[in-house]
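Here is the structure we will look at, set down as structure tokens.
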Amino acid sequence: MDAILIQILNGLDKGAAYALIALGLTLAFGTLGIVNFAHGALFMLGAFCAVVFQKILTISVKVKDESVTLFDAYKEQPYLEIWLGDFGAAIVDWAVPLSIIFAIPVMILIGIAMERGLIKHFYKRTHAEQILVTFGLAIVIQEIIKHFFGANPIPTPAPDIVSGSAAVGAFFGLSDNLVYPWWRLIYIVFAGVVIFAVFAFLKFTTFGMVVRAGMADRETVGLLGINIQKRFTIVFAIAALVAGLAGVMYSPILPPDYYMGMEFLVLSFVVVVVGGMGSLGGAVLAGFLLGILQSFASMNEVKSIIPGIDQIIIYLVAIVVLLVRPRGLLGREGVFED
Amino acid sequence: MKKNDQTPHLDRRGFMKKTAAAGVVASSPMFFMKGAYAAKDFRNDPKDSKTVTLGFNVPQSGAYADEGADELRAYKLAVKHLNGEGDGGMMKTMKPSMLKGNGILGKKVVFSTGDTQTKSDAARASAKRMIEKDGALMISGGSSSGVAIAVQGLCQEMGTIFMAGLTHSNDTTGKDRRRYGFRHFFNTEMSGASLGPVLEKEFGKERSAYHLTADYTWGWSQEGSIKKYTEALGWETKAAVKTPLGAGDFSQYITPVLNSGADVLVLNHYGKDMVNSLTQAVQFGLRDKNINGKDFQIVVPLFSRLMAQGAGENIKGIFGSTNWNWALKDEGSQAFVKSFGAEYGNPPSQAAHTCYVQTLLYANACEMAGTFYPPEVIKALEGFKFDGMGNGATEYRAEDHQCFKDVLVVRGNQNPNSQFDLLEVVQEVPRAQVEYDSKEFGGELGPYEV
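Protein chains in written order, with our numbering: chain F, 36 to 373; chain L, 846 to 1295.
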């Protein structure tokens, strides 16, 4: 029982990341009709917002390390700690959650710049051309990050208070053995809040209503005199923000490096396809579903029956879903079918 | 009877002349041999050039990029020292040594670099580029056994000597050994042989181990060696699960450990993978668990200070083995640390150490052979015994091109004295304890001439 519960939790936390990335990807595709292969790079840029913010908070003075005698070595002491003492240290400790405040404007600006500067010129081009240009853009962004931050992952730890694990089993009156890292639980909750916020925005605001109408039938919305194009920039910025926030909060789970976006990109496209092209609900559902399936496929009991299943489960499910439901789980008729 | 029909007569003067001539020939073999080498045509022979090019092929991206960056620092320092710049580092402590600080055989050392990306195909491509386009006479580097074996094979085909960097799989000098490949670094068999007795002393004989293993030649080799030595102690192996190289998130592999009944987790991971898997194992509360009445333990058979730095607090108290540590007090290690620290502000890693030593050993072998002609350089390296390079008396075994020397068992330092004092040397295991028969892992070196 413990094993099953822990795999479900693990699936939820993996699924939360897949769902958040796929949500932004679908949002851009459903409204703008853009197949954005640079979406993984936006996730990575979000994670690097946490890195940059951490670096800003830890701008340091170099102090000679007297304990090293064979050569001159220097320790770094953050100014924040010098000026504010324990309070300064606490701010540094909370760098990742605080970096959300930094990431929101940065990701919105990046989204606007990307859409205005490049994407808008490709709305009427073929999907193949969109893929080529956005994939190229992803590589450029990666190389810029690599140039400034190097190729190595940069540790961005969670605050001390949530760096351990929660006694989930004891809390629910189950086995004491059932523990789960606090930060991963926080990530699941965070993903739920972001997904709810995006859905609420689209459901309960006039702007959202127009966007949904545009996703359903862009041509008719245009004929009604609504300039949907003007809203595209904002939608793209929201998609970038969702991917960025997913990246910020993922940074304590996986220390960011320039390539982390690419690792998630392929999976996210599979999630979008399984969920149904252009379906926001489908993307979220498929994200969690595939995360949980991947987690269960990693159990030794499953792998003893089908070795290596954990590596291919997502793709197997994608094949089966596309054979049975070619439009994906919640796919709409007419999307990507012209 | 004609005079010339007589039995040849050797008078005293003639005897002296012939003896002197024979003596000159016999006592000056290098003169004649050098001439003979010069006549041999070989790839990238520097001939009359004033420089000789070495190719340094290191991972600048991927799971082992940290090690790669440090390897490159070490190579640059070695080149500097070979050319007579800086304080000379280990060139002053290496014994025996023919290095003079005037390059190699009087030619200034220059180098080109490549990025292996921790991928065999990319590593082969960059090595090939350095040999064919940059004229590299020797290739060195790599931080993965998969890469080392692939590049070593290429170097054998191209007749270029490969001085392996960080590669720990038994296969590199076992079944995949090559005449043109040399490894100074230790291997998984030596890690198992050195760690086994320490693990028995610390954790006892009744333990149940769960392995997470990087799914490529090094991971398989290390898992095999650690299983061999722990099972010999009486430990049970609960499961051995393969994980993809560069998996990033290992949570799906760690969660099954929680309820497996195992009380030891062996992480056959290295570099970024090890940092991630160890950090995540600690986050999942494994070190706080008590299974079968015993405290849960984590073992990292191949340790490095760079990884310890990445894993932070999580590394404290964890056992592993290492090829070399900057805290060693011997003259060679201290000279190297001083030199490297002055240059870069950090002590060198074990990857940096092995790469630096390999570069000096190659240069010295060329000096010993009196030529760059690879078959003669290989012969100079085979069976070469040396000291003063940080691991005590060391020998390049001729049969498999594996260096034999003392191995270190280390533990994550609980009370570090400095920011770099992350590994505590628990035991310097003598060479005799880790030695094995050269035929144990099979393999053929192949020909000298290619």
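For every residue, glycine included, the Cβ atom is placed at its ideal position computed from N, Cα and C. Values in this document were obtained by computation on a predicted structure and should not be read as measured data.
So is residue i buried or exposed if we call it buried at 16+ other beta carbons inside 10 Å?
| i | result |
| --- | --- |
| Asn1137 (chain L) | exposed |
| Thr6 (chain F) | In this structure chain F extends from 36 to 373, so residue 6 (chain F) is not present and cannot be described. |
| Ala278 (chain F) | buried |
| Ser1096 (chain L) | buried |
| Arg360 (chain F) | exposed |
| Glu1289 (chain L) | exposed |
| Asn1135 (chain L) | exposed |
| Pro941 (chain L) | exposed |
| Asp211 (chain F) | exposed |
| Phe1249 (chain L) | buried |
| Tyr350 (chain F) | exposed |
| Phe183 (chain F) | exposed |
Should residue i and residue j be called a contact, given that it needs their Cβ atoms to be closer than 8 Å?
| i | j | result |
| --- | --- | --- |
| Leu1226 (chain L) | Leu944 (chain L) | no |
| Met939 (chain L) | Gly1233 (chain L) | yes |
| Glu1188 (chain L) | Leu1011 (chain L) | no |
| His1246 (chain L) | Thr1018 (chain L) | yes |
| Phe956 (chain L) | Gly900 (chain L) | yes |
| Val1202 (chain L) | Pro1192 (chain L) | no |
| Pro287 (chain F) | Pro192 (chain F) | yes |
| Gly959 (chain L) | Met975 (chain L) | yes |
| Arg1028 (chain L) | Asp1108 (chain L) | no |
| Gly366 (chain F) | Ser333 (chain F) | no |
| Ile180 (chain F) | Tyr285 (chain F) | no |
| Leu213 (chain F) | Val224 (chain F) | no |
| Thr1075 (chain L) | Ala1054 (chain L) | yes |
| Val1270 (chain L) | Ala1156 (chain L) | no |
| Phe304 (chain F) | Gln42 (chain F) | no |
| Met1152 (chain L) | Gly1116 (chain L) | yes |
Quick one: measure Cβ to Cβ for residue i and residue j, integer angstroms, because I've assumed they're closer than 8 Å.
| i | j | result |
| --- | --- | --- |
| Gly282 (chain F) | Leu80 (chain F) | 7 Å |
| Val1102 (chain L) | Met1119 (chain L) | So it is not a contact: roughly 15 Å between Cβ atoms. |
| Ala1223 (chain L) | Ile1006 (chain L) | In the sequence as presented, Ala is not what sits at residue 1223 (chain L); that position holds Ile. Indeed they touch by this definition, with Cβ atoms about 7 Å apart. |
| Asp107 (chain F) | Ser1263 (chain L) | That pair is no contact at about 13 Å. |
| Ile56 (chain F) | Leu92 (chain F) | The Cβ separation is near 26 Å, so there is no contact. |
| Phe271 (chain F) | Gly146 (chain F) | 5 Å |
| Ser1039 (chain L) | Gln1278 (chain L) | 7 Å |
| Tyr158 (chain F) | Leu67 (chain F) | 7 Å |
| Pro1219 (chain L) | Gly934 (chain L) | Contact doesn't hold; Cβ gap of about 26 Å is too wide. |
| Leu289 (chain F) | Met297 (chain F) | Between Met297 (chain F) and Leu289 (chain F) the Cβ distance is about 13 Å, and since that is not below 8 Å, they are no contact. |
Residue i to residue j, Cα distance in whole Å?
| i | j | result |
| --- | --- | --- |
| Phe323 (chain F) | Tyr53 (chain F) | 7 Å |
| Val870 (chain L) | His1013 (chain L) | Confidence at Val870 (chain L) is low in this model, with a pLDDT of 49, below 50, so the placement of that residue should be treated as unreliable; the coordinate-derived value is given next. Rounded to whole angstroms, Val870 (chain L) to His1013 (chain L) spans 45 Å at the Cα level. |
| Gly1026 (chain L) | Asn1258 (chain L) | 35 Å |
| Val229 (chain F) | Trp118 (chain F) | 35 Å |
| Ala248 (chain F) | Arg160 (chain F) | 22 Å |
| Phe887 (chain L) | Asn1209 (chain L) | 19 Å |
| Leu258 (chain F) | Ala251 (chain F) | 14 Å |
| Val131 (chain F) | Glu930 (chain L) | 45 Å |
| Arg1132 (chain L) | Pro1275 (chain L) | 31 Å |
| Val245 (chain F) | Ile166 (chain F) | 26 Å |
| Phe242 (chain F) | Tyr114 (chain F) | 44 Å |
| Val356 (chain F) | Leu364 (chain F) | 7 Å |
| Gly59 (chain F) | Ala73 (chain F) | 11 Å |
| Ser339 (chain F) | Glu1068 (chain L) | 18 Å |
| Ser971 (chain L) | Ala995 (chain L) | 12 Å |
| Pro190 (chain F) | Ala226 (chain F) | 22 Å |
| Val123 (chain F) | Ile136 (chain F) | The sequence given here places Gly at residue 123 (chain F); Val does not occur at that position. Distance between the alpha carbons of Gly123 (chain F) and Ile136 (chain F): 18 Å. |
| Phe231 (chain F) | Ile221 (chain F) | 15 Å |
| Leu325 (chain F) | Phe299 (chain F) | 13 Å |
| Pro140 (chain F) | Glu150 (chain F) | 15 Å |
| Ala138 (chain F) | Gln905 (chain L) | 28 Å |
| Val86 (chain F) | Asn928 (chain L) | 40 Å |
| Gly948 (chain L) | Val954 (chain L) | 5 Å |
| Thr898 (chain L) | Glu1285 (chain L) | 36 Å |
| Ser198 (chain F) | Gln1154 (chain L) | 18 Å |
| Leu328 (chain F) | Leu320 (chain F) | 12 Å |
| Ser965 (chain L) | Asn902 (chain L) | 11 Å |
| Lys1072 (chain L) | Thr1082 (chain L) | 7 Å |
| Glu1212 (chain L) | Leu950 (chain L) | 6 Å |
Q: Go through the region 1252-1277 of chain L residue by residue and report every complete run of the beta strand (DSSP E) that reaches 3 residues or more, in order.
A: For secondary structure counted as the beta strand (DSSP E) over 3 or more consecutive residues, the region 1252-1277 of chain L holds these complete runs in sequence order: 1252-1257, 1268-1274.
Q: Can you check the region 240-327 of chain F for any alpha helix (DSSP H) of at least 4 residues that lies completely inside it and give the ranges in chain order?
A: Counting only runs of 4 or more, we get 241-251, 253-258, 263-285, 295-310.
Q: Return the chain-ordered ranges of every alpha helix (DSSP H) run that is complete within the region 1115-1189 of chain L and spans a minimum of 4 residues.
A: Whole alpha helix (DSSP H) segments, 4+ residues: 1116-1128, 1150-1156, 1176-1189.
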